[in-house]
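Only one structure is covered here, and it is reproduced in the block below.
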Amino acid sequence: MATVLIIDDSSFMRKRIGNAVRQAGHKVIGTAKDGAEGFDLYTELRPDLVIMDITMRGIDGIQAASMIREQDPDARILFMSLVTDPEVISRAQELGAIDFLGKNDSEKLSRIMDGLGKQ
Amino acid sequence: MKDFDQEMWQDFTVEVEENLQEFEPNLLLLEQQPDDSSILNDCFRNMHSIKGAANYMGLTAMAGLAHAVENLFDEARQGTRRLDQQAFDLIFKCVDRFKELIADVAEHHKETSDTADLQEQIRALANQEGIEEAADVQEESLEESAEDQELMNIFAQEMKSLYEQMTKILDDEDADPSNLDLVLQDMERVANYIGKDELHSAISQIREGLSEAVDSGTFDDFQKGLLTSVQKALSQEVDLDDVLTESESSPSGIEIEEDRELYNIFLDFFKEVGGPLANVPSDMDEQWINACQEAVSKLRTSANYMDYMEVVHLLEEWEECITEQLSGDSHFDRQVFTGLWDRLCDRLPNLRDMFKNHEESEEEPLLDAEARSGQQTGDSSLGLESLEDFDAAIDTIFEDDDSATPEAVQPQESEAQILEVSKEPVLPTGHADLQPPDTPPQHKDFATETGGIRGQGQLVRVNLEKVENLLEDVAELVVLRSSMVQSTSLLKGLYSRWRDQRRMPVQELRPLKEVLLGFTESVAALERVVHQLQDGVMRMRMLPVSSLFNRYPRMVRDLCQKLGKEVELTLKGTDTALDKQVMEQLADPLQHIIRNAIDHGIETPDYRTRKGKRPKGLLSIAASQEGNFVTISVSDDGKGLDRDKIVKKALSSGLISPEALREMSEEQIWNLIFVPGISTAGSVSDISGRGVGLDVVKKNIEKIGGAVVVRSSKGEGTTFILRIPLTLAIIKGLTVKVGRQSMVVPISAVYETFRLSSSEVSSVEGYEIISKRQETIPLIRLGKIFRGTGAPADPDKFFAVRVRLGELDACLGVDGLIGQQEVVIKPLSEYLMDQPGFAGATILGDGSIALILDLPAVLEKSKGFIRKRQQLLEQAALGLDHGDAPVFH
């Protein structure tokens, strides 16, 4: 079982992702609605995985990911976003995001979550 | 469609509704300040969230529309688009559509209409020059079903944007193959999603080709052919024409964007002061020379500041020529100056056009400004799109402001002013009324309010039903508390009796006394806690009035557009809390009053200007709490109520006699507008006066225990003041006895109580009346109007409760007064609802049930008398004796 932190500005998405995470047998240990809150929670909770959105108020997903990465180079980050801008995507990949998926890609999310359990 | 549970649908609905609730006020704000990037970002995010959630739920109509609107904001954010009036109108339409869709989804769990039409309009807006092309797309897809068409639209849009990204990547000399691969991957994904198998495999092939080329080191060659092969693959499905022309016409558009902006500012300044340079007279004209010198010196400073050295040199040359002219050394040669002007125009692109346009726009009415700016191509002019509006704005500002005199304006200063002006709203209908710079920024309150909406506190969402249930429990508790208080006093009485009668030895009574004391203390504590609990639960039902007020900015905006008026709306005290139920009851009356204010109160901008008022009318809605009441006022600075018209109407309808009118105070006359049959509107318009008059407004407000008055002053405006109880669920009441039945009179209406005997009652034309302090008050015996209460204890001795409600003043005859207490109103069972006279029921401390009087309905019974009295008084005043007159001593 892995511990997961969810960062998304939409409460709807937080809930949906949370459900998918729990269904895969993992534990949501924190949720945040923006990058700043997410970063603070990461520092505090040190989850095994962060699932985060990119478009958020204030500190966005990319900024938050690089802050998290700076503090913990081993952080595992999974972006879930509808952003299609390749610049943003490549920036996310530079940050070592383990994957990048669309918001309705719940099947892939479950696959990743399943894989996480085996590691 | 995926299988979602009920909760998920509910979550989704809440999510979208919340986003829309944030979005709409932000959009209104953005319309006023289109350059505010933080509002723009918020708007973008709202749409993004809706898109995400709708996508998740597989709701393509909403997702597609959100995507289209989001794109508009994104372009505005990137600075490649300026949101004009047309765009805002369209986005507001989208908001309405979202509301329809979400209501649909909440009920049926599916979308029953599509958004293809709006998406199409947005796209048409996106490529103004590509209107024909948009029509083509439409034609093609007409054959397909609506849903497919909409999917195709999204698809085409995504492909186009991906294609654009690809061209951007390829523009770079060291294009990164992995970036290209990412774009191709996206294309592949999109094609797959839409089910375009051929396109999907074509792109897969290109992708494979790319990775092969990278592996074999032939990437450079591959790169050259890439665009063509992608184009070829896409051409079957997507019309790339507009993308192609765009990318060809402005290869490096983005790089020079910032300079372009600065340049536009310079141009605007040039336009402002450089008139003399463009219009060289045919003969020597001293006035012109002076104006020219002035302008050239300003422009030179500005050009210097901008670092446009060539322009600076040209202007210096110009200055020299002028000096020569002034010293009289040389003959005036027009061509010297026109030559210089041409050279300037060569250096400064768009300058010549601008002065040409300027001349045109002076001839044409300003109203056309919008239309013409719409014709301009979006990309080539960047910030110049709204130039005409801009001019109009500047013109007005300098008309309003004496700084138009050349001496007062220093170049840098006026530049700063221009920048500021561009942030000010340019009005939709092209009235271009800008406030003079010294007036305070508009919508200040509104801005802070929406700021509040944008930031979210920690909130828990609770189903209203749960709160209602909790309130019911608290109500039971209140009843229990009352019964314990009653028991305590009974015990006390018992104890005193025992003690006084000395039936028991004092020693034996002492423990009893201690128990009694402890009990009394506990009951007191219980009372306090119950009170707090009750208060707390009531508070949970309370919402800030902003949840009601926030719908008005949009309404005001739409009304203004429809009526061609300009109104600045201020909301005050929006955090004042009010019971949700009260708020619901208040929505319609308030809306009616606001419509009236805009339709009949506030004058047209022209009229206002003629009257020496600011063209923009002021409308202010304010709320504040006073004890158990909330006061809401709606004031406008319009023309005020028409006293003559009201009086005329009142007289002609026979509601009031000329004599009575003479006695009436100004305020009483204003309040005649609430009497049925009197409406100030000369004509029924589309906006207000849809058969519902202010009398209904008053009735509705009185129904919730409130009151409304109006104040007005000719030419200065009208204010409606509403006084509303904080909550409907709990009232303070006076419990009275009528026969064997208990009834509750809302204490807010009780004026006084006194004892009466039958001898003090007389009757006039079938109405019972009593005289008190020279006043004649109708008496309504509750035992008579409500049958089945049982016989009165003593028919000769009873009590009067004098109540006042608006202009109604009457005494209620009751058999006994029980006391004051807070009662929790419980609705009556349905079969009792039809019975007029009762607003509800409550349980008293002793467990018995009391009916709560619906005073407006009860007092209705005395209305006939009041009118009668009015007539009799008049007759008395005229000296006519009808025999009944002696009653009125």
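So the protein lines, in turn, are chains H and Y.
Just so you know, we're using the numbering used here here: the first sequence kicks off at 1 and counts up by one.
Just so you know, we're using the numbering used here here: the second sequence kicks off at 1001 and counts up by one.
Idealized CB from N, CA, C, for every residue including glycine.
Exercise for the section: Please report the Cβ distance between Y:Leu1722 and Y:Ile1747, rounded to the nearest whole angstrom; I am assuming they are in contact, meaning their Cβ atoms lie under 8 Å. Expected result: Taking the first residue of the second sequence as position 1, residue 1722 of chain Y is located at position 722. Taking the first residue of the second sequence as position 1, residue 1747 of chain Y is located at position 747. Rounded, the Cβ-Cβ distance is 20 Å, inconsistent with contact.
Exercise for the section: Can you give me the Cβ contacts of Y:Asn1671 inside the same chain, cut-off strictly under 7 Å, excluding the 5 residues immediately before and after it? Expected result: Taking the second sequence and counting its residues from 1, the one referred to as residue 1671 of chain Y is at position 671. Val1709, Val1710.
Problem - contact_flag[the region 1648-1662 of chain Y, the region 1592-1602 of chain Y] where n(CB pairs < 8 Å) is 3 or more - result: no
Exercise for the section: Could you please give the first and the last residue of the uninterrupted alpha helix (DSSP H) stretch that includes Y:Asp1221? Expected result: Position 221 of the second sequence, counted from the first residue, corresponds to residue 1221 of chain Y. Residues 1219-1235.
Handout entry: chain Y within 8 Å of H:Ser90, Cβ atoms only
Key = The sequence position of residue 90 of chain H within the first sequence is 90, counting from 1. It does; some Cβ of chain Y falls within 8 Å.
Practice task
Check each residue of the region 1016-1048 of chain Y: if its Cβ is closer than 9 Å to any Cβ of chain C, include it; give the result in chain order.
Solution key: The chain inventory of the structure shown lacks chain C, comprising the protein chains H and Y.
Exercise for the section: Quick one: using the 10 Å Cβ neighbour count with 16 as the cut-off for buried, is Y:Asp1268 buried or exposed? Expected result: Taking the first residue of the second sequence as 1, we reach residue 1268 of chain Y at position 268. Classification of Y:Asp1268: buried, given that the 10 Å Cβ count is 16 or more.
Exercise for the section: State yes or no: is the beta carbon of H:Arg111 nearer than 8 Å to at least one beta carbon in chain Y? Expected result: On the first sequence, residue 111 of chain H is found 111 positions in, with the first residue counted as 1. Not closer than 8 Å to any Cβ of chain Y, the Cβ of H:Arg111 fails to qualify, so no.
Practice task
Could you confirm whether any beta carbon from chain H is found closer than 8 Å to the beta carbon of Y:Val1230?
Solution key: Stepping through the second sequence from its first residue, residue 1230 of chain Y is reached at position 230. It does not; no Cβ of chain H falls within 8 Å.
Practice task
With 9 Å as the C-beta to C-beta threshold (strictly closer), list the residues of the region 8-22 of chain H near chain Y in chain order.
Solution key: Asp8, Asp9, Ser10, Ser11, Phe12, Met13, Lys15, Arg16, Asn19
Practice task
At 9 Å on the CB atoms, spell out the chain Y contacts of H:Leu45, in chain order.
Solution key: Against the first sequence, residue 45 of chain H aligns to sequence position 45. None at all; the shortest Cβ gap to chain Y is about 19 Å.
Exercise for the section: Using the DSSP secondary-structure output, state which residues sit across from H:Asn77 in a beta bridge. Expected result: As a first step, residue 77 of chain H must be located in the first sequence, where it is residue number 77. Inspection of the sequence shows that residue 77 of chain H is occupied by Ile rather than by Asn. Answer is H:Val50, bridged to H:Ile77.
Exercise for the section: Would you check if there are 3 or more beta carbon pairs closer than 8 Å linking the region 1568-1586 of chain Y to the region 1548-1559 of chain Y? Expected result: yes
Practice task
Go ahead and pull the three-state DSSP assignment for Y:Gln1086.
Solution key: Position 86 of the second sequence, counted from the start, is the residue given in the question as residue 1086 of chain Y. Reduced to three states, the DSSP call for Y:Gln1086 is helix.
Practice task
Examine the Cβ distances between the region 1573-1581 of chain Y and the region 1624-1634 of chain Y and report whether three or more of them are shorter than 8 Å.
Solution key: yes
Handout entry: Cα-Cα separation between H:Asp114 and H:Ala24, rounded to whole angstroms
Key = By one-based count along the first sequence, residue 114 of chain H stands at place 114. By one-based count along the first sequence, residue 24 of chain H stands at place 24. Their Cα atoms are separated by approximately 6 Å.
Problem - With 16 other Cβ atoms within 10 Å as the buried cut-off, status of Y:Ser1688 - result: Mapped onto the second sequence, residue 1688 of chain Y falls at position 688. Here the model assigns Y:Ser1688 a pLDDT of 46, short of 50, so the residue's position is not dependable and the matter cannot be decided.
Practice task
Please go through the same chain and pick out, in chain order, the residues whose beta-carbon is closer than 8 Å to the beta-carbon of Y:Phe1799, but skip the five residues on each side of it.
Solution key: Here residue 1799 of chain Y is taken as the residue at index 799 of the second sequence, counted from 1. Here the set comprises Val1736, Thr1753, Phe1754, Arg1755, Leu1756, Gly1813, Val1814, Asp1815, Gly1816, Leu1817.
Practice task
At 9 Å on the CB atoms, spell out the chain H contacts of Y:Val1745, in chain order.
Solution key: On the second sequence, position 745 is the one that residue 1745 of chain Y refers to. Near Y:Val1745 there are no residues of chain H at all, since even the closest Cβ is about 47 Å away, more than 9 Å.
Exercise for the section: Establish whether the CB of H:Arg57 and some CB of chain Y are separated by less than 8 Å. Expected result: On the first sequence, residue 57 of chain H is found 57 positions in, with the first residue counted as 1. Answer yes: the Cβ-Cβ gap between H:Arg57 and chain Y drops below 8 Å somewhere.
Practice task
Taking the CB atoms as reference points, tell me whether Y:Glu1015 and H:Phe12 lie closer together than 8 Å.
Solution key: Here the question's residue 1015 of chain Y lines up with position 15 in the second sequence. Here the question's residue 12 of chain H lines up with position 12 in the first sequence. For Y:Glu1015 and H:Phe12, yes; Cβs fall inside 8 Å.
Handout entry: Collapsed DSSP secondary structure at Y:Gln1033 in the structure displayed
Key = Counting from one through the second sequence, the residue named residue 1033 of chain Y turns up at place 33. If DSSP states are grouped into helix, strand and coil, Y:Gln1033 belongs with coil.
Problem - Distance between H:Lys108 and Y:Arg1045 (C-alpha atoms, nearest Å) - result: The residue given as residue 1045 of chain Y occupies position 45 in the second sequence. The residue given as residue 108 of chain H occupies position 108 in the first sequence. The alpha-carbon atoms of Y:Arg1045 and H:Lys108 are separated by roughly 25 Å.
Practice task
Determine the direct distance from the alpha carbon of Y:Gln1078 to that of H:Val88, and round the result to whole angstroms.
Solution key: Along the first sequence, one-based indexing puts residue 88 of chain H at 88. Along the second sequence, one-based indexing puts residue 1078 of chain Y at 78. For H:Val88 and Y:Gln1078, the distance between alpha carbons rounds to 15 Å.
Practice task
May I have the straight-line CA-CA distance separating Y:Asp1588 from Y:Leu1477, to the nearest angstrom?
Solution key: Residue 1588 of chain Y sits at position 588 when you count from the first residue of the second sequence. Residue 1477 of chain Y sits at position 477 when you count from the first residue of the second sequence. Each residue's alpha carbon lies about 34 Å from the other.
Handout entry: Proximal residues to Y:Glu1716 (C-beta, below 7 Å), its chain only, five neighbours per side dropped
Key = Translated into positions along the second sequence, residue 1716 of chain Y becomes position 716. Closer than 7 Å at the Cβ level, and outside the excluded window around Y:Glu1716, lie Asp1637, Gly1640.
Handout entry: Residues of the region 1179-1207 of chain Y whose Cβ lies closer than 7 Å to any Cβ of chain H, in chain order
Key = Asn1179, Leu1182, Val1183, Asp1186
Practice task
Report the residues of the region 1077-1089 of chain Y with a CB closer than 7 Å to any CB of chain H, ordered along the chain.
Solution key: none
Exercise for the section: Compare the beta carbon distance of Y:Asp1011 and H:Lys15 with 8 Å and say whether it is the shorter of the two. Expected result: What you label residue 1011 of chain Y is simply residue 11 of the second sequence in a count that begins at 1. What you label residue 15 of chain H is simply residue 15 of the first sequence in a count that begins at 1. Cβ atoms of Y:Asp1011 and H:Lys15: closer than 8 Å.
Practice task
Note down, in chain order, each residue of its chain lying with its Cβ closer than 8 Å to the Cβ of Y:Leu1419, except the 5 sequence neighbours on either side.
Solution key: Numbered from its first residue, the second sequence carries residue 1419 of chain Y at position 419. Caution is warranted here: a pLDDT of 30 is assigned to Y:Leu1419, below 50, making its placement in the model unreliable, and no coordinate value can be reported.
Handout entry: Boundaries (first-last residue) of the beta strand (DSSP E) holding Y:Gln1741
Key = Residue 1741 of chain Y sits at position 741 when you count from the first residue of the second sequence. Run containing Y:Gln1741: 1741-1746, per the beta strand (DSSP E) assignment.
Handout entry: Host beta strand (DSSP E) of Y:Phe1629 (start-end)
Key = The residue given as residue 1629 of chain Y occupies position 629 in the second sequence. From DSSP, the beta strand (DSSP E) with Y:Phe1629 extends over 1629-1636.
Handout entry: Through-space distance from H:Pro47 to Y:Ile1254, alpha-carbon basis
Key = Along the second sequence, read from residue 1 onward, the residue named residue 1254 of chain Y stands at position 254. Along the first sequence, read from residue 1 onward, the residue named residue 47 of chain H stands at position 47. Because Y:Ile1254 sits at a pLDDT of 36, beneath the cut-off of 50, its placement in the model cannot be relied upon, and the following sentence gives the value as read from the coordinates. Between Y:Ile1254 and H:Pro47, the C-alpha separation is close to 41 Å.
Problem - Nearest candidate by alpha-carbon position, reference Y:Pro1676, set Y:Leu1694, Y:Gly1339, Y:Gln1668 - result: Taking the first residue of the second sequence as 1, we reach residue 1676 of chain Y at position 676. Nearest of Y:Leu1694, Y:Gly1339, Y:Gln1668 to Y:Pro1676, Cα basis: Y:Leu1694.
Exercise for the section: Please name the residue in Y:Lys1649, Y:Val1273, Y:Ser1763 whose C-alpha comes closest to that of Y:Ser1297. Expected result: Position 297 of the second sequence holds residue 1297 of chain Y. That would be Y:Val1273, whose Cα lies nearest to the Cα of Y:Ser1297.
Problem - Reduced DSSP category for H:Phe39 - H, G, I as helix; E, B as strand; rest coil - result: Residue numbering aside, residue 39 of chain H sits at position 39 when the first sequence is read from its first letter. Note: H:Phe39 maps to helix in three-state DSSP.
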